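Asks: For what it's worth, our numbering labels the leading residue of the sequence shown as 29, then goes sequentially. Before I ask anything, here is the structure I am working with.
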Amino acid sequence: MTKSSGMFVKINYKINGDNRFQGEHKAKMYKDTAVSKYVLCGGSYFRNRGTIIFHANNFKEAEEIINNNPFVFYEDYSFEILSKNSISLGNKYH
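Spelled out as C-alpha coordinates, the structure:
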(Lines of atoms letter the chains of each structure in order from A and count residues from 1; the text may use other names and numbers.)
(Lines give C-alpha, C1' and ligand atoms only; values in the text may rest on other atoms or scores of the structure.)
Protein backbone atom coordinates (compact mmCIF):
# COMPACT_ATOMS: atom_id res chain seq x y z
CA MET A 1 0.00 0.00 0.00
CA THR A 2 1.35 3.41 -0.89
CA LYS A 3 0.02 6.73 0.37
CA SER A 4 1.21 10.10 -0.80
CA SER A 5 1.14 13.62 0.62
CA GLY A 6 0.70 14.52 4.24
CA MET A 7 1.98 13.63 7.67
CA PHE A 8 2.06 10.11 9.06
CA VAL A 9 2.35 8.65 12.55
CA LYS A 10 4.09 5.27 12.81
CA ILE A 11 3.35 3.36 16.02
CA ASN A 12 5.34 0.27 17.03
CA TYR A 13 4.25 -1.88 19.93
CA LYS A 14 5.11 -5.19 21.54
CA ILE A 15 2.79 -7.15 23.81
CA ASN A 16 4.22 -9.35 26.54
CA GLY A 17 2.46 -11.25 29.30
CA ASP A 18 2.71 -8.37 31.78
CA ASN A 19 0.94 -5.80 29.64
CA ARG A 20 -1.48 -8.01 27.68
CA PHE A 21 -4.42 -7.54 30.10
CA GLN A 22 -3.75 -3.82 30.54
CA GLY A 23 -3.68 -3.38 26.76
CA GLU A 24 -6.92 -5.30 26.27
CA HIS A 25 -8.57 -3.11 28.91
CA LYS A 26 -7.26 0.11 27.33
CA ALA A 27 -8.31 -1.09 23.84
CA LYS A 28 -11.85 -1.71 25.12
CA MET A 29 -11.96 1.75 26.72
CA TYR A 30 -10.66 3.28 23.47
CA LYS A 31 -13.25 1.41 21.41
CA ASP A 32 -16.06 2.51 23.74
CA THR A 33 -15.03 6.16 23.48
CA ALA A 34 -17.01 8.26 21.01
CA VAL A 35 -14.74 9.06 18.09
CA SER A 36 -15.61 12.08 15.98
CA LYS A 37 -13.77 10.97 12.84
CA TYR A 38 -12.07 8.09 11.16
CA VAL A 39 -8.35 7.94 10.52
CA LEU A 40 -6.79 6.22 7.52
CA CYS A 41 -4.67 3.43 8.91
CA GLY A 42 -2.51 0.58 7.66
CA GLY A 43 0.18 -1.61 9.14
CA SER A 44 1.40 -5.06 9.95
CA TYR A 45 0.71 -7.48 12.79
CA PHE A 46 2.76 -10.31 14.19
CA ARG A 47 1.91 -12.56 17.12
CA ASN A 48 3.00 -10.22 19.92
CA ARG A 49 4.03 -7.05 18.11
CA GLY A 50 2.94 -4.79 15.34
CA THR A 51 3.28 -1.55 13.45
CA ILE A 52 0.43 0.79 12.61
CA ILE A 53 0.71 3.85 10.41
CA PHE A 54 -1.93 6.58 10.61
CA HIS A 55 -2.42 9.52 8.28
CA ALA A 56 -2.64 12.85 10.11
CA ASN A 57 -3.73 16.18 8.66
CA ASN A 58 -1.48 18.27 10.91
CA PHE A 59 0.85 18.11 13.91
CA LYS A 60 -1.97 18.51 16.45
CA GLU A 61 -3.80 15.52 14.99
CA ALA A 62 -0.53 13.53 15.03
CA GLU A 63 -0.16 14.32 18.75
CA GLU A 64 -3.71 13.14 19.41
CA ILE A 65 -2.99 9.83 17.67
CA ILE A 66 0.25 9.38 19.62
CA ASN A 67 -1.33 10.10 23.01
CA ASN A 68 -4.73 8.46 22.53
CA ASN A 69 -4.33 4.91 21.27
CA PRO A 70 -4.62 1.57 23.06
CA PHE A 71 -0.86 0.89 22.91
CA VAL A 72 0.39 4.07 24.61
CA PHE A 73 0.83 2.35 27.99
CA TYR A 74 2.80 -0.63 26.69
CA GLU A 75 6.40 -0.81 27.87
CA ASP A 76 7.71 -1.38 24.32
CA TYR A 77 5.72 1.44 22.69
CA SER A 78 7.41 3.80 20.28
CA PHE A 79 6.30 6.24 17.61
CA GLU A 80 7.65 8.31 14.76
CA ILE A 81 6.18 11.28 12.94
CA LEU A 82 6.89 11.00 9.23
CA SER A 83 6.36 13.94 6.93
CA LYS A 84 7.53 12.53 3.64
CA ASN A 85 5.67 13.07 0.40
CA SER A 86 4.88 9.37 0.21
CA ILE A 87 5.39 6.19 2.20
CA SER A 88 5.05 2.55 1.27
CA LEU A 89 3.92 -0.10 3.72
CA GLY A 90 5.70 -3.41 3.49
CA ASN A 91 5.29 -6.61 5.48
CA LYS A 92 8.43 -6.18 7.57
CA TYR A 93 8.29 -5.06 11.22
CA HIS A 94 10.79 -2.31 12.10
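Positions of the beta carbon are idealized from the N, C-alpha and C atoms, including for glycine. These numbers come from a predicted model, not from an experiment.
1. Report the residue from T79, F87, I109 whose alpha carbon sits nearest the alpha carbon of P98.
2. Please identify the residue among F107, G34, M35 whose C-alpha is closest to the C-alpha of N95.
3. Pick out whichever of F82, E92, E103 has its Cα sitting closest to the Cα of S111.
4. Straight-line CA distance for Y105 to E92?
5. In terms of residues, what are the limits of the beta strand (DSSP E) holding F36?
6. Return the CA-CA distance between I39 and V100, expressed in angstroms with no decimal places.
7. Out of curiosity, what's the CA-to-CA distance linking Y41 and E89?
8. Looking at the strands, I want to know which residues DSSP matches up with N84.
9. Looking at the structure shown, is Y105 part of a helix, part of a strand, or coil, going by DSSP?
Replies: With the structure as the only source:
1. In the sequence shown, residue 98 corresponds to position 70, counting from 1. Nearest C-alpha to P98: T79.
2. Locating residue 95 in the sequence shown gives position 67, counting from the first residue. The shortest Cα separation from N95 among F107, G34, M35 belongs to F107.
3. In the sequence shown, counting from the first residue as 1, residue 111 sits at position 83. Per the Cα distances, F82.
4. Numbered from 1 along the sequence shown, position 77 holds the residue referred to as residue 105. Numbered from 1 along the sequence shown, position 64 holds the residue referred to as residue 92. Going from the Cα of Y105 to the Cα of E92 covers about 15 Å.
5. Position 8 of the sequence shown, counted from the first residue, corresponds to residue 36. Run containing F36: 35–42, per the beta strand (DSSP E) assignment.
6. Counting from 1 along the sequence shown, the entry for residue 39 is found at position 11. Counting from 1 along the sequence shown, the entry for residue 100 is found at position 72. I39 and V100: Cα-Cα distance of roughly 9 Å.
7. Here residue 41 refers to the residue found at position 13 of the sequence shown. Here residue 89 refers to the residue found at position 61 of the sequence shown. If I take the Cα positions, the gap works out to 20 Å.
8. Locating residue 84 in the sequence shown gives position 56, where the first residue counts as 1. It should be noted that the sequence gives Ala, not Asn, for residue 84. M35.
9. Position 77 of the sequence shown, counted from the first residue, corresponds to residue 105. Reduced to three states, the DSSP call for Y105 is coil.
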